[in-house]
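Chemist: The following block contains the structure, expressed as structure tokens.
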Ligand code: IPM
Ligand code: MG
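Residue numbers (UniProt numbering): 1 to 368.
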């Protein structure tokens, strides 16, 4: 049987630095566990624009469609701010999501014990937190038509359209219910049915899918603004949150900060099953390209490493090996290793990106 295949798109800013640490771990699986991945690398975002004049070359898009999993670092940087909208680095990422039809974006927010003090919230509010935001990723206001900047009379008007079909809502709802069944069996759906028709439909369809197919799962509904408030007030009330593309973007950044650092959080973007039964998938850290610290060895590679762990679980059916990587990260944090983003106000000496990656590899060694 062919080796499982991975396309690495490290991207811009700190993307290549954090991805270098993931490559160490991929290598470790080959030499120490006899699990060899066929890895190819390519460009996305600003670096792809610099080389090809587009943030995602058609050949790269085609490769992404063929592999078992795509691992992405980050895209964007200030040098690309003034590019035409259609070739901005982010368009490369959005094209991957749309053309691979990665409709279900899983964003876990888990608070590691060793980091409970780093949250801006009180320790008792976040210690032991373990929730997942399931964000719809291929529709809504990110993609709805009409869109653009038009002229009406003597002024300009900017237009984006929030649009959801019933089937788009149903499939992401199913993905959330399935996930909840493997966790604590609770789903909270968030929209603004009080002001948006798309929110009314969202609530109805989620309820219908629940009643017909997942009556055993506990379902609640919340307006997204109240949900944001509840996430800060008492996040442990949630298990799985399912929400649309834009609300999911905002709520997942807020949830990320509950855990202490954006540098810790992985994500998986999943689509329909491929011929091998596994979903089409792209894995990426929730953090961005952090151009302010790029190239200095300061970035935290853990979000990217944990994204690879999600790939092991969801794309390669290697749940035990995923748990091994997660446990290695936990060990390293419990031992007190901290990158600069995890330094408290009283200081300490941060380790570099590569020292953190090496420590995770050492913890993996110790696990076998
Ligand atoms: C995210 C990011 C992206 C988004 C950007 C980079 C296009 O904020 O993945 O959360 O808005 O979806
Ligand atoms: Mg975001």
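For every residue, glycine included, the Cβ atom is placed at its ideal position computed from N, Cα and C.
1. Let me know the alpha helix (DSSP H) ranges lying completely inside the segment 157-191, each 4 residues or longer, listed in chain order.
2. Consider the C-beta atom of residue 286 and the heavy atoms of ligand 2; say whether any pair is separated by less than 8 Å.
3. How about residue 280 and residue 339: do their beta carbons lie closer than 9 Å?
4. Alpha carbon to alpha carbon, how far is residue 234 from residue 123? Give it in angstroms, no decimals.
5. For residue 111 and residue 260, I'd like the C-alpha separation in whole angstroms.
6. Can you determine whether any heavy atom of ligand 1 sits closer than 8 Å to the C-beta of residue 75, and answer yes or no?
7. Is residue 252 a contact residue of ligand 2, with contact defined as CB to any heavy atom under 8 Å?
8. Nearest by alpha-carbon distance to residue 126: which of 255, 313, 351 is it?
9. Decide yes or no for the touch test of the segment 90-105 against the segment 36-50: beta carbon pairs closer than 8 Å, at least 3 of them.
10. Please give me, in chain order, every unbroken run of the alpha helix (DSSP H) with length at least 4 that falls completely inside the segment 61-124.
11. Whose CB is closer than 5 Å to a heavy atom of ligand 1? List the residues in chain order.
12. Going by the CB atoms, is the gap between residue 282 and residue 72 shorter than 9 Å?
13. Could you check what DSSP says for residue 5 in three-state terms: helix, strand or coil?
14. Alpha carbon to alpha carbon, how far is residue 311 from residue 271? Give it in angstroms, no decimals.
15. Starting from residue 209, trace the alpha helix (DSSP H) in both directions and tell me its first and last residue.
16. Looking at the secondary structure, which residues open and close the beta strand (DSSP E) in which residue 331 lies?
17. Indicate whether the contact test is met: 3 or more Cβ pairs, each with one atom in the segment 351-361 and one in the segment 16-25, closer than 8 Å.
18. Keeping to the same chain, check which residues put their C-beta closer than 8 Å to that of residue 356; ignore five residues upstream and five downstream.
19. Decide if the segment 164-175 is in contact with the segment 193-211; the criterion is three or more beta carbon pairs, one per stretch, under 8 Å apart.
20. Between residue 387 and residue 187, how many whole angstroms is the CB-CB distance? I'm expecting something under 8 Å.
21. DSSP three-state call for residue 302: helix, strand or coil?
22. Confirm, please, whether the CB-CB distance from residue 63 to residue 115 is below 9 Å.
23. According to DSSP, residue 253 sits in a beta bridge with which residue or residues?
24. Could you tell me the distance, in whole angstroms, from the CA atom of residue 161 to the CA atom of residue 147?
25. Can at least three beta-carbon pairs, one atom from the segment 132-146 and one from the segment 235-251, be found at a separation below 8 Å?
26. For residue 176, which of 366, 197, 367, 105 has the nearest alpha-carbon?
27. Using 9 Å as the threshold, is the C-beta distance between residue 2 and residue 287 below it?
28. Tell me, to the nearest whole angstrom, how far the beta carbon of residue 13 is from that of residue 289; I am working on the premise that it is less than 8 Å.
29. What residue range is occupied by the uninterrupted beta strand (DSSP E) comprising residue 369?
30. I need the straight-line Cα distance from residue 68 to residue 4, nearest angstrom please.
31. Roughly how many angstroms separate the alpha carbons of residue 322 and residue 142, rounded to a whole number?
32. Short of 7 Å in beta carbon distance, which residues of its chain neighbour residue 328, apart from the five on each side in sequence? Order them along the chain.
33. Note down the Cα distance separating residue 330 from residue 25, rounded to an integer number of angstroms.
Modeler: Straight from the coordinates:
1. The qualifying runs are 166-181.
2. yes
3. Between residue 280 and residue 339, the CB-CB gap reaches or exceeds 9 Å.
4. 11 Å
5. The straight-line gap from Cα to Cα measures roughly 7 Å.
6. Residue 75: yes, Cβ under 8 Å from ligand 1.
7. yes
8. 255
9. Enough Cβ pairs lie closer than 8 Å, so yes.
10. 89-99
11. 90, 249
12. Yes, they are a contact pair.
13. strand
14. 13 Å
15. 197-213
16. No beta strand (DSSP E) holds residue 331; the alpha helix (DSSP H) holding it covers 319-334.
17. yes
18. 21, 300, 301, 302, 332, 337, 339
19. yes
20. Any question about residue 387 goes unanswered here, given that the chain covers just 1 to 368.
21. helix
22. Not closer than 9 Å, so no.
23. In DSSP, residue 253 forms no bridge with anything.
24. 6 Å
25. yes
26. The shortest C-alpha separation from residue 176 is found at 105.
27. Not a contact, by the Cβ cut-off of 9 Å.
28. 3 Å
29. A query on residue 369 cannot be resolved here, the shown segment of the chain reaching from 1 to 368 and no further.
30. Roughly 6 Å between the two C-alpha positions.
31. Across the structure, residue 322 and residue 142 are spaced so that their CA atoms are roughly 32 Å apart.
32. 360, 363, 364, 367
33. 15 Å
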